[in-house]
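Protein chains in written order, with my numbering: chain A, 4 to 112; chain B, 3 to 239. Note that the Cβ used here is the ideal one computed from N, Cα and C, for glycine as well. All figures in this text were calculated on a predicted structure; none of them were measured in a lab. Let me begin by presenting the structure, written as structure tokens, before commenting on it.
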Amino acid sequence: MTALTDHDAVLEQAAAWRAEGRGVALATVIATWGSSPRPMGSLLAVDESGAMTGSVSGGCIEGAVVHEARDVIRTGEPRRMTFGVTNEMAWEVGLACGGEVQIFVERVE
Amino acid sequence: MKQDTLLRLIEARATKRPVALVTDLGTGQQSLVFETIVQGDFGLSDDALRTVRDRLAQDRSGPVALGDDIEGFVAVFAPPPRLLLVGAVHIAQALVPMAAQAGFDAVVIDPRRGFASEARFPGLTVVPEWPDDALKAIGLDHRCALVTLTHDPKLDDPALAEALNAPVFFIGALGSRKTHAARLERLTAMGLADTQLARIHGPVGLPIGADSPGEIAVSILAQVVAHRRGKAPESNA
Numbered sequence: 004m005t006a007l008t009d010h011d012a013v014l015e016q017a018a019a020w021r022a023e024g025r026g027v028a029l030a031t032v033i034a035t036w037g038s039s040p041r042p043m044g045s046l047l048a049v050d051e052s053g054a055m056t057g058s059v060s061g062g063c064i065e066g067a068v069v070h071e072a073r074d075v076i077r078t079g080e081p082r083r084m085t086f087g088v089t090n091e092m093a094w095e096v097g098l099a100c101g102g103e104v105q106i107f108v109e110r111v112e
Numbered sequence: 003m004k005q006d007t008l009l010r011l012i013e014a015r016a017t018k019r020p021v022a023l024v025t026d027l028g029t030g031q032q033s034l035v036f037e038t039i040v041q042g043d044f045g046l047s048d049d050a051l052r053t054v055r056d057r058l059a060q061d062r063s064g065p066v067a068l069g070d071d072i073e074g075f076v077a078v079f080a081p082p083p084r085l086l087l088v089g090a091v092h093i094a095q096a097l098v099p100m101a102a103q104a105g106f107d108a109v110v111i112d113p114r115r116g117f118a119s120e121a122r123f124p125g126l127t128v129v130p131e132w133p134d135d136a137l138k139a140i141g142l143d144h145r146c147a148l149v150t151l152t153h154d155p156k157l158d159d160p161a162l163a164e165a166l167n168a169p170v171f172f173i174g175a176l177g178s179r180k181t182h183a184a185r186l187e188r189l190t191a192m193g194l195a196d197t198q199l200a201r202i203h204g205p206v207g208l209p210i211g212a213d214s215p216g217e218i219a220v221s222i223l224a225q226v227v228a229h230r231r232g233k234a235p236e237s238n239a
């Protein structure tokens, strides 16, 4: 049985969206502090309409990342963002405790 | 990310070739580091290359300094580790889907037709060959773990001998302490040294009092993961 990893599906989806002519950005977890739900290297692909695949936080910050990613698709300027996941917020999305993640967002040319 | 870089990454994944994507977080420029070659926007210093190769070897994405005050990030894209199981038994049936969930490519090897039948274990793909032949064909490397489950020396012993002569990261054998002692005697008679035999975890699995096939699968998978992550606790022995 083949391993269930999410990297390849995210990259393939990004390439498929590009092949259809859609604008695409990739978001990568590049640093984590405290209790972070997704390890460094976790990927999220976003298209210009806001469709996404993959995960950088297990749900807490995807909305904000998608918003920034659409901006990156427009400007082409990569950017770095840090998100704190507070304990209350973590509770809302079903995580036990908070943490902090840094995300790098880049456009796929 | 350049489209070319994305397509190369996808190709490396498809051909199971480990690769690291190195990003200059200031400029967004990127290079790909394969086991022997570097391709892309920039070359890397010896120090940076060493860090990237270490990360590649350990499957650990993370930061890398690309120069004074130049922050970089290494995203590792490595093929999944493989869990090779000898014996299409009930423990294999439980262990295979669990291993897939934990990120392993799991392969079951069993030449016995009655055991390997689709009717017995629907959905479980079995390599119907003798374990030593199958393992030779698969090519054992440091990304492989081998666990024997049959209790049958004709099947388990040649598989263990094959793994003991390869750089696999884990070797385990199911069976009681008594069975394992007898197994070690047979392997010694086959010419394997004590230092080699010490690599076998027998009885395989963490001591969690596992009883049912599903519980035993949990105890085996936990031990394999611990070894993969370099956090091996005391074995059952």
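Just the C-alpha distance for residue i and residue j, rounded to the nearest angstrom, thanks.
i             : j             : result
residue 62/A  : residue 31/B  : 28 Å
residue 56/A  : residue 46/A  : 8 Å
residue 45/B  : residue 206/B : 45 Å
residue 35/B  : residue 156/B : 43 Å
residue 103/A : residue 72/B  : 22 Å
residue 77/B  : residue 110/A : 16 Å
residue 133/B : residue 160/B : 7 Å
residue 58/B  : residue 163/B : 29 Å
residue 41/A  : residue 50/A  : 21 Å
residue 139/B : residue 12/A  : 28 Å
residue 233/B : residue 38/B  : 29 Å
residue 58/A  : residue 72/A  : 13 Å
residue 178/B : residue 203/B : 11 Å
residue 122/B : residue 213/B : 21 Å
residue 87/B  : residue 209/B : 20 Å
residue 20/A  : residue 119/B : 41 Å
Given a threshold of 16 other Cβ atoms within 10 Å of its Cβ, counted over all protein chains shown, does residue i qualify as buried or as exposed?
i             : result
residue 74/B  : buried
residue 152/B : buried
residue 56/B  : exposed
residue 60/A  : buried
residue 87/A  : exposed
residue 54/A  : exposed
residue 65/A  : buried
residue 230/B : buried
residue 29/B  : exposed
residue 11/B  : buried
residue 33/B  : buried
residue 97/A  : Low local confidence applies: a pLDDT of 46 at residue 97/A is under 50, so the model's placement there is unreliable, and no value is given.
residue 15/B  : buried
Hey, residue i and residue j are a contact pair by Cβ (cut 8 Å); roughly how many whole angstroms apart?
i             : j             : result
residue 200/B : residue 185/B : About 13 Å; that fails the 8 Å criterion.
residue 150/B : residue 89/B  : 7 Å
Please list, in chain order, the chain D residues whose beta carbon lies closer than 8 Å to that of residue i.
i           : result
residue 3/B : The chain labelled as chain D is not found among the protein chains of the depicted structure, namely A and B.
### Query
Would you call the region 192-200 of chain B and the region 211-224 of chain B touching, i.e. three or more CB-CB distances under 8 Å?
With the cut-off at 8 Å, the region 192-200 of chain B and the region 211-224 of chain B do not touch.
### Message
Check whether the region 143-157 of chain B and the region 79-94 of chain B touch, using three or more Cβ-Cβ pairs below 8 Å as the test.
### Response
The region 143-157 of chain B vs the region 79-94 of chain B: in contact.
### Query
For the region 10-32 of chain A, which residues have a CB atom closer than 7 Å to at least one CB atom of chain B, in sequence order?
Contacts with chain B (Cβ-Cβ distance below 7 Å) from the region 10-32 of chain A involve 10, 11, 14, 15, 17, 18, 21, 29 and 31, listed in chain order.
### Query
Which residues, in order along the region 7-24 of chain B, keep a beta-carbon less than 7 Å from a beta-carbon of chain A?
For the region 7-24 of chain B, residues whose beta-carbon sits nearer than 7 Å to a beta-carbon of chain A comprise 8, 9, 11, 12 and 15.
### Task
Would you list, in chain order, the members of the region 55-84 of chain A that have their beta-carbon closer than 7 Å to a beta-carbon of chain B?
Under the 7 Å Cβ criterion, the region 55-84 of chain A contributes 81 and 83.
### Query
Taking one C-beta from the region 102-114 of chain B and one from the region 124-132 of chain B each time, how about it: are there three or more such pairs within less than 8 Å?
When C-beta atoms of the region 102-114 of chain B are compared with those of the region 124-132 of chain B, three or more pairs fall below 8 Å, so the two segments count as touching.
### Task
Could you name the residues of the region 224-235 of chain B whose beta carbon sits closer than 8 Å to any beta carbon of chain A, in the order they occur along the chain?
Residues: none.
### Query
Does the count of Cβ pairs from the region 17-37 of chain A and the region 70-87 of chain A closer than 8 Å reach three?
Yes: the two stretches touch, three or more of their Cβ pairs being nearer than 8 Å.
### Query
Counting pairs of beta carbons, one from the region 86-98 of chain B and one from the region 56-70 of chain B, are three or more of them closer than 8 Å?
Contact between the region 86-98 of chain B and the region 56-70 of chain B is absent: fewer than 3 CB-CB pairs across the two stretches fall below 8 Å.
### Query
Relative to chain A, which residues along the region 70-95 of chain B have a C-beta separation below 7 Å, given in chain order?
Taking 7 Å as the Cβ-Cβ cut-off against chain A, the residues of the region 70-95 of chain B that qualify are 75, 77, 78, 79 and 82.
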